[in-house]
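A quick write-up on the structure given underneath.
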Amino acid sequence: MTSSSASTTLSVTVRLFAAYAEAVGRSSVEISLPDGATVGELLAEFRRRVPTAAALPERPLCAVNLTHVLSSHPLRNNDEVAILPPLAGG
Amino acid sequence: MTSSSASTTLSVTVRLFAAYAEAVGRSSVEISLPDGATVGELLAEFRRRVPTAAALPERPLCAVNLTHVLSSHPLRNNDEVAILPPLAGG
Amino acid sequence: MAYLSERALDLSDLVRQVQSSERGGIASFLGVVRAHHQGRAVLRLDYSAYHEMAEAECARVVAEAETRWPVRVALQHRIGTLEVGEVAVVVVAAGAHRDEAFAACRHVIEELKRRVPIWKREYFADGQVDWVGAADAGQGPA
Amino acid sequence: MAYLSERALDLSDLVRQVQSSERGGIASFLGVVRAHHQGRAVLRLDYSAYHEMAEAECARVVAEAETRWPVRVALQHRIGTLEVGEVAVVVVAAGAHRDEAFAACRHVIEELKRRVPIWKREYFADGQVDWVGAADAGQGPA
């Protein structure tokens, strides 16, 4: 059976790196969301919960479970979501 | 004053390498030519003088004094003319 | 072998990993820390990474190149503090012929820059310390 | 330094010749003796050259690349007997950025193959010995 999106929740770990970890003052934050939430919805919730997240760009690069994703990507319980500063390898 | 091309001669050294030195059985031959002769004319004269040169292709790659040239290139006295097999460096 | 390394990179080591008597062409690329960035004198760099993802993404980039071209690819990126003139990244691609070796080598360095979560902090001679690319806000998921 | 060498080539040596803190991108190419040529098993190769012209032509190829792109180029070709798997040629091009390094490196290996008077004799496992390219008669001055 399927539940309505409001009746269940999922919990994800948000990880921050490099310039973003410095700007936000955190490297990891646990966030709970309604079931079926997307990465874009997580970013909005993250900004509500963590005031220093205002320093992040509107649409940062994101990864879920070590893979790049779009903001429409749906989240699952226990996902690791990374908010990535502009890449500068090489 | 200019001389007629038949009245003076120039002498060049023809060098052969790799497969061509083996085919002709020589690695160096001195050839005298009328003044103003070209590389193409040298090749014709070389074939008349050296019967084994018949093994060479009609239009081999040639160099004069360490530089690639066309068969129309005019020769000077003491030039070093190289007849080059297909290059295979690298 | 790990794609990220805290020790000095050795081009010959990576060449040996992919060199064989069936691979006649080996193309490689070294990225070196430059003394200047946008006109300012650089003293050194700090490279950091999202390690688990960087390893996974490097593996994907290498696997994709090895699928797209008949090559073997070796790749390493240095992490930690690098002095000016030191090697930050090495890519080696070996194939039967040079076309595929050059194409794969170029592809891997482009994809690494585009996809692998590595960051660098530049220490300038004037005392300033900047995250490279941090001023750009444009990039992100569509 | 001479462009032709009778000793084993060392990629790192050539990289050192062109590496600097102003050159952030170093592209290189190694040509390796393959175990097979047109389906036949190769035992070893003999490279020979018109030495004086090969040196002069290598110098011209390098100078042209360094004029066309903002790079420094190192180049060496081995002469003599090479076993399968050994390195026959090394090209290294170092520039501020990778575009010019890759372009110059590729250009130099193509021009070397096209212009530098070097020949190879292949010793096959079946006992045959062939001059590579000797069967082609087409090329020559127009």
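Chains as they are written, first to last, in my numbering: chain W, 1 to 90; chain P, 1001 to 1090; chain G, 2001 to 2142; chain Z, 3001 to 3142.
Ideal Cβ positions, reconstructed from N, Cα and C, are used throughout, including at glycine.
Residue i classed as buried or exposed, judged by whether at least 16 other C-beta atoms fall within 10 angstroms
i: G2127(G); result: exposed
i: P86(W); result: buried
i: M2001(G); result: exposed
i: P1051(P); result: exposed
i: L70(W); result: exposed
i: A1054(P); result: exposed
i: Q3038(Z); result: exposed
i: R2121(G); result: buried
i: G2193(G); result: It is not possible to answer for residue 2193(G), since the shown part of chain G is limited to 2001 through 2142.
Chain P within 8 Å of residue i, Cβ atoms only
i: L3086(Z); result: For the record, residue 3086(Z) in the displayed sequence is Glu; it is not Leu. Output row for E3086(Z): interface = no.
i: L3009(Z); result: no
i: R3072(Z); result: no
i: V3089(Z); result: yes
8 Å Cβ cutoff, residue i in contact with chain G
i: A88(W); result: yes
i: E3022(Z); result: yes
i: L42(W); result: no
i: P51(W); result: no
i: P85(W); result: yes
Chain Z within 8 Å of residue i, Cβ atoms only
i: F1017(P); result: yes
i: A2035(G); result: yes
i: A1082(P); result: yes
i: S2048(G); result: no
i: A1063(P); result: yes
i: V2018(G); result: no
i: P1074(P); result: no
Option in the options with minimal Cα separation from residue i
i: A3049(Z); options: T3081(Z), R3098(Z), A3096(Z), R3016(Z); result: T3081(Z)
i: V3108(Z); options: G3085(Z), E3066(Z), A3125(Z); result: E3066(Z)
i: V3032(Z); options: A3103(Z), V3091(Z), F3124(Z), R3114(Z); result: V3091(Z)
i: G2095(G); options: H2077(G), Q2076(G), I2026(G), A2054(G); result: I2026(G)
i: R3060(Z); options: S3028(Z), P3117(Z), R3040(Z); result: P3117(Z)
i: R49(W); options: Y20(W), T8(W), V29(W), G90(W); result: V29(W)
i: P1074(P); options: T1009(P), V1014(P), G1040(P), L1061(P); result: G1040(P)
i: I31(W); options: A18(W), R76(W), S11(W); result: S11(W)
Endpoints, beta strand (DSSP E) assigned at residue i
i: S3028(Z); result: 3025 to 3032
i: D2013(G); result: Not the beta strand (DSSP E): D2013(G) falls in the alpha helix (DSSP H), residues 2011 to 2018.
i: A2008(G); result: Premise fails: A2008(G) is in no beta strand (DSSP E) and is neither H nor E.
i: E22(W); result: Not the beta strand (DSSP E): E22(W) falls in the alpha helix (DSSP H), residues 18 to 24.
i: E3122(Z); result: 3118 to 3124
i: E1080(P); result: 1080 to 1084
i: V1029(P); result: 1028 to 1034
i: V3129(Z); result: 3129 to 3131
Neighbour flag for residue i against chain W, beta carbons, 8 Å
i: G2133(G); result: yes
i: E2052(G); result: yes
i: A2041(G); result: no
Near the ligand SAH: residue i beta-carbon under 7 Å from a heavy atom
i: G1090(P); result: As far as ligands go, the structure on display features none, and thus does not contain the ligand SAH.
### Task
Please specify which runs of the beta strand (DSSP E), each continuous and at least 3 residues long, are wholly inside the stretch 3036 to 3108 of chain Z, giving them in chain order.
3040 to 3049, 3071 to 3078, 3080 to 3083, 3087 to 3095
### Task
List in chain order: all unbroken beta strand (DSSP E) runs of 3+ residues lying wholly within the stretch 1048 to 1074 of chain P.
1061 to 1064, 1067 to 1069
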